[in-house]
Amino acid sequence: MNKSTQQGFTLLEVMITLALVIPSMAVIFMCTERTSRNIVADDNVAKIMETLQRSAVRIGQIARPGSLSSFRVKANEDDVTNLMASRVGDWMEPIDGQTRSTMQFRSATGRLSMNAQGLTSPRSFVFVIDPEEQDNDRDDDEDGLVDEGKVLLEYDGNQVVMASNVENCEFNITGRTLRIVLGAGLVRRGGTIQRFSSEETLYLRNN
Ligand SMILES: [Ca+2]
Ligand SMILES: [Ca+2]
12 MNKSTQQGFT LLEVMITLAL VIPSMAVIFM CTERTSRNIV ADDNVAKIME
62 TLQRSAVRIG QIARPGSLSS FRVKANEDDV TNLMASRVGD WMEPIDGQTR
112 STMQFRSATG RLSMNAQGLT SPRSFVFVID PEEQDNDRDD DEDGLVDEGK
162 VLLEYDGNQV VMASNVENCE FNITGRTLRI VLGAGLVRRG GTIQRFSSEE
212 TLYLRNN
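To get the numbering used here, take the position in the sequence shown, counting from 1, and add 11.
Next comes the structure, spelled out in structure tokens:
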């Protein structure tokens, strides 16, 4: 084999090698990019889930000292129809096992006495839908979330945001058990939405 043949063969080898390596590199790059995207997406999912869980725990901590007999929910049209309340929006006693998006209660002040004087002023958790959204099971502002809003804590004229970008907020009292559920979602690449919920269950003071 002379020198020029050796060089030609070497060149051919290089071309064959490149032909084999370049697609492999492209595949490796695509896989790396996909993995990187997935890690970022998983990180976002973890952040939202953590925030949601923290919000549910905070709401639970505030509601835990609530006196069971002091809990109220806002009346809806069915409640008025069923003569449970005179007007929509009035505070009424919760119906056992029914889920609502608002609730009000009074907590023990910390004094030993558990009579009415020993309770705080009313504290309310209220779900308020975002101004760009209507309660219609549709995503009006096209951000991927449906009927999303905030959960507010209202007390003594103050308002504190407990959770935002929440798609659903549920309070359910069954016996002494208060169940709090918050739901949210994350828009993934391609427009699909991944939904999560966080739940907190606690036992209320029976007084
Ligand atoms: Ca929306
Ligand atoms: Ca809507």
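Note that the Cβ used here is the ideal one computed from N, Cα and C, for glycine as well.
Source: prediction; values computed, not measured.
State yes or no: is the C-beta of V157 nearer than 7 angstroms to some heavy atom of ligand 1? yes
E210 to L193, Cα distance in whole Å? 7 angstroms
Please confirm whether R69 has its beta-carbon closer than 8 angstroms to some beta-carbon of chain B. The question asks about chain B, but that chain is absent: this structure has only one protein chain.
Is S83 helix, strand or coil when you go by DSSP? The question names Ser, yet the displayed sequence has Arg at residue 83. Residue state, collapsed to three classes: strand.
Using only alpha-carbon positions, find the residue among D146, P142, R216 and M41 that is nearest to I184. R216
Starting from the C-beta of T28, find all residues in its chain whose C-beta is less than 8 angstroms away, skip the five residues before and the five after it, and write them out in chain order. none
Would you kindly report the start and end of the unbroken alpha helix (DSSP H) that includes V157? First-last for V157: undefined, no H or E at that position.
Whole angstroms is fine: what's the gap from L253's alpha carbon to D150's? No information on residue 253 is available, as it lies outside the stretch 12 to 218 that the chain covers here.
Can you tell which of E44, I191 and T92 has its C-alpha closest to the C-alpha of F182? I191
Just to confirm, does N147 get its C-beta within under 7 angstroms of one of the non-hydrogen atoms of ligand 2? yes
Just the Cα atoms here: how many angstroms apart are G202 and D154? 10 angstroms
Straight-line gap, G196 to Q145 (C-alpha atoms, nearest Å): 17 angstroms
Looking at ligand 2, does it come within less than 7 angstroms of E178, judged from the CB to the closest heavy atom? no
Can you have a look at L90 and say buried or exposed, based on whether 16 or more other CB atoms are within 10 angstroms of its CB? According to the sequence provided, residue 90 is Asp. The question's Leu does not apply to it. D90 comes out buried.
The stretch 128-139 contacting the stretch 91-99, beta-carbon criterion three pairs below 8 angstroms: no
Using the C-alpha atoms, what's the distance from C42 back to S66? 36 angstroms
Grab me the residues of K161's own chain with a C-beta within less than 6 angstroms of its C-beta, minus the 5 sequence neighbours each way, in chain order. V139, V172 and S175
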